[in-house]
Structure formats: C-alpha cells, structure tokens
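According to the working numbering, the residues represented by the sequence shown are 3 to 139, in order.
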Amino acid sequence: MKLLPVATTVLVSILLISCGRRILPSHELVLDRVDSLETGFSGGVLSIGIQSSFGIGSCILEFSGEVAADSLRVSLEYGEGLGYSMCEYLDVVAGSGTCDADTLFNGSVRLEAGSMTLPLEGPVDSVSVTWIDYYRS
C-alpha cells in the first residue's frame, strides 16, 4: 500500500513534464560547418541551437511531420556559452507542405546572447538557417 502513493507521484510527475514539452517529429539534417545542433519544442517555441566554431555555415532541418509552433528561436554559438553577437548575414526560412517557403529573416542582425526569436505564421515542416558571423576569423 505504501508504494501506491510513490508510483502515483512518479506517474503524475512524468505527465506534467511531458505536457510542458512536446516531442518533435523525426527529422533529417543537412549540415555545413556545424559542430553540433540541438532542437527542442516547448511552450509553442521551436528552438534550434547551433554550435559552429567556423563563423559561417548552414543547416537544413526537414521534419517527418508538421510542427505547430508559434515562433522559432535560433541560437548561434562558437562553443558552449559563447554566443555570436552580430551576424553580417543571417537567412532564416521556414517551409510547410501546404504553402511555399517563408523567409522569416534575411540580412544583418545584432543578436541578444547569440539568439533571436521570430514569429511563425503556421505549422512548419522544414527550417533552413544560413549565417556569416561579423567577427569570424
């Protein structure tokens, strides 16, 4: 009898954790000059964390299904905790099987802690990010 409350607590904890974070569909990657990449989906925000020590590169993510996100957060880092501060060129494109690709951002930008968040106008099944860091060596 004493194990029942513990099991219930564990089950409820798992349900609460899984409700806050959504599992992304599987995806294929095309990476150019990317050291590592992390993806996540929580609170309506699709996040893509890119580590690239080169200061220039690109990545394409193609999901097996649509991701119904409200916004996209792109983070660029040289290494752990060392974010890009300014991109000479940043191009972010999101696509969906139901419409053409939508350019979310294209141009120079100063980044806040290596990141920027862009609104999405509907579900996406692909994201492309291309960057050139202003301070690359």
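Quick reminder that beta carbons are idealized off the backbone N, C-alpha and C, glycines included.
These numbers come from a predicted model, not from an experiment.
C-alpha distance - residue 23 paired with residue 60, whole-angstrom precision = Any reading at residue 23 must be qualified, since the residue scores a pLDDT of 49, below 50, and its modelled position is unreliable; no value is offered.
For residue 70, which of helix, strand or coil comes out of DSSP?
-> coil
Pull up the CB-CB distance for residue 127 and residue 98, whole angstroms please, since I reckon it's below 8 Å.
-> 6 Å
For residue 107, does the three-state DSSP call read helix, strand or coil?
-> strand
Starting from the C-beta of residue 41, find all residues in its chain whose C-beta is less than 8 Å away, skip the five residues before and the five after it, and write them out in chain order.
-> Annotation for residue 41: 26, 29, 48, 49, 50, 51 and 63 place their beta carbon closer than 8 Å to its own, counting only its chain and skipping 5 residues before and after.
DSSP-derived helix/strand/coil call for residue 121 = strand
For residue 34 and residue 138, the rounded distance between their alpha carbons = 16 Å
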